[in-house]
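First the structure, in the form of structure tokens, and then the observations on it.
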Amino acid sequence: MQKINQYNRIELLYEVNDNIQHWLCKNNEGLFFEVLRIQATKAKSFTLERLFKYALKPLLNQSIEGVQTMKAIGFDVESACYFVVYEHLEGSVRLSNGRAWANIQSILDVAKGLELLQRKGYETQIISPNSIRVNAEGKAVLSYVGLWELFLEESVLPERQLSPKASAFVKADLSAFAARPNFQDDLYSLIKSFEPGLKKQKKQAAVGTILSALLPHKEPLLKEYKELIDLLEQVSFKAVPDESRRAIRIVVNRKAIDAGTLRLLLKEMNQEVCLDLSSQRSDRGLMTGRFSTTNWNGKFVLNNDKSFFIPHCNNERNDRVWTAAHSFVLKASFTEYPSNYNCLPFFTEKFEFKNDLSKLQRKQKSLVRTWRVFPEKELQQLEKNAVQVRYKHREKATNNRVVFSLSETSAETWRQVQQLKKKANYLLVKHQSVGKLVAYDRTQKTITLGYLRCLVGEIPRKGFLKEDIRQESSQLKKQLDACEQFEQSNVVNPLLCRILARPEVNSFPENKRLEAADYEKLRANLFNPQLIEDQTQSEAVLEALHQKPVYLIQGPPGTGKTTVIVELLQQILSREKGAKILVTSQSNLAVDNVLERLQKVNEATENSLPFLRLASQYTLDKSAVLEAIVPHTFENKLQQWLQETEAKSTNYLSTLSTAKQQTLETIQQDWCAFLGGANTVLEEGGMQSMLQNGHQEVDFLTAMLQNISIIGATCMHIASGQYSKANFEFDYVIMDESSKASPPETLVPINMGRNIILIGDHKQLPPVITKDKSLKNKIDEALEDNGLGANKDFGKSLFETLIEAFEKDPKQQAYVKMLDIQYRMPAQIGSLISKYFYKNQLKNAAPELLKNKAHGLPLNKDTSIVFINTANRSNPSDNGNKTNRNNPCNVKAITELLEQLNALYPTNLEQEKPLSIAVIAGYRGQVTLLRKEIDASQYGNFASLINIDTVDRFQGGERDIIIYDVVRSSPEKQDVIGFLEDYRRINVAFSRVKRLLFVVGDKDYLLHRAILHPKSDFKEFKLQQIVQELEEKGLVYDNFSELL
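Numbering follows our numbering, in which position 362 of the sequence shown is assigned residue number 362; successive positions increment by one, without gaps.
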């Protein structure tokens, strides 16, 4: 028996031509399918690859009324053919052979399917009596969706059903212009295909209007599918009874509903009825609800005798029923006569499902109300604080500047002006970005704008200049939009809403149970052999591929999260060739770290993992994207491709004869001109040059996004409006550092994914709630009455919420993996971190893998961690300023330490990999002072290899030598330690080191005077415990020289 891939051919159902046949097939499990076999040829391969990728793949397993469901697509190497697998339409025949079965409902089925396809961007279908299937009940579906271009190339489009415009396009010479067919031509073909049956009903006015659409008109008579559907729904016809459908007995209150009304009601209910079950049973324990047909509505009760009781009804449609959150459309047989069909199990299941959904929706709404608080309040505060000044005149100045004369010049106005100049933000007039404030003159009452983004003539002569906060506000609006989509389950994978909203309830689908053989098979096929030695890394990769749709990977410091992500990407694309993957994070650096590692893989494997980095111009202008990754941004990739394409065409022309060159030069010039408009925006907003991808026109950006498997972007930027046409639906969303993202930030990419892999570490820094302290205090006050707290309820990531819930449920523990071997730090520091932050579950790598972690200094004690005590120095206390806390004593100790290190590493810069130093502190005020007092050039053996930053900004980074400045010190007998009580910040500070860690602080203060806040969420003072252990081990010194 001949096969097409895994499908055995049974019977030829239809032969389009010698190259395209439609077969009835059976798979190895004995299930029937229909398979369209397309013979591969070199000429067609490009068209087919494009159609399969852009037109067919997005429709796989999409259940669309009136369209034959597509189950699989692929290429069979053995028989050298492409194939499309469809559901088997048992009992259906082609419309050309089954017109006796067709009715108005048949054309209505296909019209509704075409309308939905158009909303998805699909136009121009193969519509004819041979592509439409109909069964004995009149149900019709359309086949071969998305293959119009293939049928065009094969010259097998149904000419008799083509509209005049489509026919002209098909017959047009390549050199002549002919408008491409669109959905209105599909409308024509649909009506033409059903024309014989429609003519039998032409006495009905609606049918006459439909048929007249086939006549020539200056403007299309039917401008959209809805108009055709509305007309079809006006047509009365006798439906063929469907014996296979459920026959539910209808009982009515005869005093309220007479026999004539019942017949009309039954006629409509037998076509389609929408039901909305109540969430609670009646006092008698019966299920109740509301129903609506096209022209009738009312209430119903499901009696224990299996009947459907309607006490009264109204002669009008009830849109509230049709749009209710959990209503459903039922296509069943209804009768006024006794029936043996027991409908109660069906409705009981629906009732229980609705109750479950109601609970879920209540939880979703509750969560979303909580999650929305901060972005909403922050947006309000941002808009309230945006500076705005009024001007009465403007005039052009030298050096491409504009001077504005202000209308108001109060002290508050000048305070705002000073604030604007300090911020260096752009200013707007209405929605036009004008420029930056570069100077102001209080005497002349003027302000001057430079860095202009528009012509002076485009600026109104008087008006308001307003601070441009669009960049900041767009981030918050995206979070609010994501919350709304989540609340409505309007996401790519609605199952994720159930799991994320109620993680305590196991809503996971039945995934294949992984056996020992599966793990062994993966280890034998790892791309990176280093994972073979790390069991948790390899297990995390395999489980992330199978435990769907949510998998969590906890990655403590130095455990190889990036290594796991890269292996995951390679494994996914080796198994699912056309998979779309988003690599995302809250920060640009985290995204770029993964992409930079991918680039190294590509350099070694002939670009096996091509990727595209998406970033705003604002981000690029700030140099927030790594230099090595900038060539992979869209603009750079496009420019590189355009240059290469033009060079290739020029080189090709040079190989031809003069006559051929002259013939092709004009085409080349036109082609290059077309390419030149690839990134040119027209006044009306579209792009100058567009591409045809198989079923719609797209710009070059959208085409590139559709054509590349791996996309890297921050979780906020991926929702940018410039990608709206790409309609992102990712097979996998891999989010790094997800424990640092707030729930609304996390939802933005999650809403776009079918399968989610969250990677993070809730033992490190939590999400930043808000940068505005006054806003946080206001919200704290508002929440206090409700028992909520900003840190507790908003400073918790979705990652942490999920991991805590999953770890409590033995079944859900399979969806979590902690990477448990650290490769970054010396074993001494790794053990310390494991003890205090990871319950001793974090292990050090084998000694041979950590041998390069030695600092190389001749210390009189074998240690990689040293506490420099400032208690015995003069004035070790900090300045006590809560808004600008700093400690000059610690700064002096650190400068001394840098001098010592500079002397101890005289040949550092001569080494193949010179050592680097990071000085980090938990307070911005101290960082400012450190940067002011430390001149890196004075330490010539390190120079540019010295970084100074806050702990928070340094998460995800690493350096050979870390100097951690505790900063806090007070003479008070009991001093609340403040945010240093948060052990997660201490974990980050200590775990950045690769060789040698210094902690600089007041030991006496930390051990004897510093205390936790009485209402602290933290029960243990971890920093104090660590300092106590360091003292017990003799690792506390007043000066580093004591160790030398």
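Just so you know, even glycine gets a beta-carbon here, dropped at the ideal spot from N, CA and C. All figures in this text were calculated on a predicted structure; none of them were measured in a lab.
Between the CA atoms of residue j and residue i - distance to the nearest angstrom
{"i": "GLN1025", "j": "ARG1009", "result": "13 Å"}
{"i": "VAL77", "j": "ARG37", "result": "13 Å"}
{"i": "LYS811", "j": "MET690", "result": "50 Å"}
{"i": "MET70", "j": "LYS600", "result": "38 Å"}
{"i": "VAL373", "j": "THR288", "result": "37 Å"}
{"i": "TYR723", "j": "LEU705", "result": "9 Å"}
{"i": "ASN786", "j": "LEU765", "result": "Any reading at ASN786 needs caution, since the residue's pLDDT is 37, under 50, leaving its predicted position unreliable; the model's value is listed next. When rounded, the distance between both Cα atoms is 26 Å."}
{"i": "SER654", "j": "GLU576", "result": "41 Å"}
{"i": "VAL387", "j": "LEU915", "result": "46 Å"}
{"i": "GLU603", "j": "PRO631", "result": "14 Å"}
{"i": "ALA136", "j": "SER96", "result": "14 Å"}
{"i": "GLY457", "j": "ASP441", "result": "23 Å"}
{"i": "THR398", "j": "SER944", "result": "39 Å"}
{"i": "VAL429", "j": "PHE464", "result": "6 Å"}
{"i": "ALA673", "j": "THR443", "result": "53 Å"}
{"i": "PRO826", "j": "TYR519", "result": "30 Å"}
{"i": "GLU1020", "j": "ASP975", "result": "16 Å"}
{"i": "ILE948", "j": "LEU116", "result": "56 Å"}
{"i": "LYS203", "j": "ASP230", "result": "17 Å"}
{"i": "GLN688", "j": "LYS44", "result": "28 Å"}
{"i": "GLU378", "j": "CYS715", "result": "18 Å"}
{"i": "GLU233", "j": "GLU268", "result": "11 Å"}
{"i": "THR680", "j": "LEU642", "result": "14 Å"}
Residues that residue i bridges to, as DSSP identifies them
{"i": "TRP23", "result": "LEU12, VAL35"}
{"i": "SER292", "result": "CYS274, ASN297"}
{"i": "GLN1024", "result": "DSSP, once it has assigned bridges, lists no residue as partnering GLN1024."}
{"i": "TYR551", "result": "ILE757"}
{"i": "ASP441", "result": "THR446"}
{"i": "MET287", "result": "LEU302"}
{"i": "HIS1083", "result": "The chain is shown only over 1 to 1044; residue 1083 falls outside these bounds and no answer can be derived."}
{"i": "MET70", "result": "LEU60, TYR86"}
Cβ-Cβ distance between residue i and residue j below 9 Å
{"i": "ILE757", "j": "GLN537", "result": "no"}
{"i": "LEU842", "j": "ILE833", "result": "yes"}
{"i": "GLU745", "j": "GLY956", "result": "no"}
{"i": "VAL273", "j": "SER307", "result": "no"}
{"i": "LEU89", "j": "ILE73", "result": "no"}
{"i": "LEU221", "j": "VAL110", "result": "no"}
{"i": "GLY197", "j": "ARG99", "result": "yes"}
{"i": "SER864", "j": "LEU996", "result": "yes"}
{"i": "ARG968", "j": "ASP1004", "result": "no"}
{"i": "PRO164", "j": "ILE127", "result": "no"}
{"i": "PRO614", "j": "LEU569", "result": "The displayed chain sequence assigns Leu, not Pro, to residue 614. Going by C-beta atoms, LEU614 is not nearer than 9 Å to LEU569."}
{"i": "LEU819", "j": "VAL564", "result": "yes"}
{"i": "ARG394", "j": "SER407", "result": "no"}
Selected residue, minimal CA-CA separation from residue i, among the options
{"i": "GLN485", "options": "GLU227, ASN751, PHE700, VAL273", "result": "ASN751"}
{"i": "PHE33", "options": "TYR86, VAL1000, ASN588, VAL601", "result": "TYR86"}
{"i": "THR370", "options": "GLN479, VAL564, LEU675", "result": "GLN479"}
{"i": "SER106", "options": "TRP148, SER167, SER193, LEU152", "result": "SER193"}
{"i": "LEU302", "options": "ARG885, CYS343, LEU265, VAL329", "result": "CYS343"}
{"i": "ILE920", "options": "LEU614, ASP965, HIS1013", "result": "ASP965"}
{"i": "ALA7", "options": "ASP468, CYS25, ASN17", "result": "Reading off the sequence, residue 7 comes out as Tyr, not Ala. It is CYS25."}
{"i": "SER1016", "options": "ILE132, LEU980, SER720", "result": "LEU980"}
{"i": "VAL927", "options": "ASN314, ASP952, LEU108, ASN941", "result": "ASP952"}
{"i": "ALA140", "options": "TRP23, LEU232, VAL67, LEU211", "result": "VAL67"}
{"i": "GLU472", "options": "HIS546, LYS422, THR619", "result": "THR619"}
{"i": "LYS561", "options": "VAL1036, TYR823, GLU807", "result": "TYR823"}
{"i": "LEU152", "options": "LYS200, ARG254, ALA256, ASN17", "result": "ASN17"}
Cβ-Cβ separation, residue j to residue i (assumed contact under 8 Å), whole Å
{"i": "PHE611", "j": "ILE708", "result": "7 Å"}
{"i": "THR335", "j": "ALA247", "result": "5 Å"}
{"i": "LEU897", "j": "ILE868", "result": "6 Å"}
{"i": "ARG295", "j": "ARG317", "result": "Correcting the residue identity first, residue 295 is Asn in this sequence and not Arg. ASN295 to ARG317, Cβ: 6 Å. Contact."}
{"i": "ARG401", "j": "VAL438", "result": "7 Å"}
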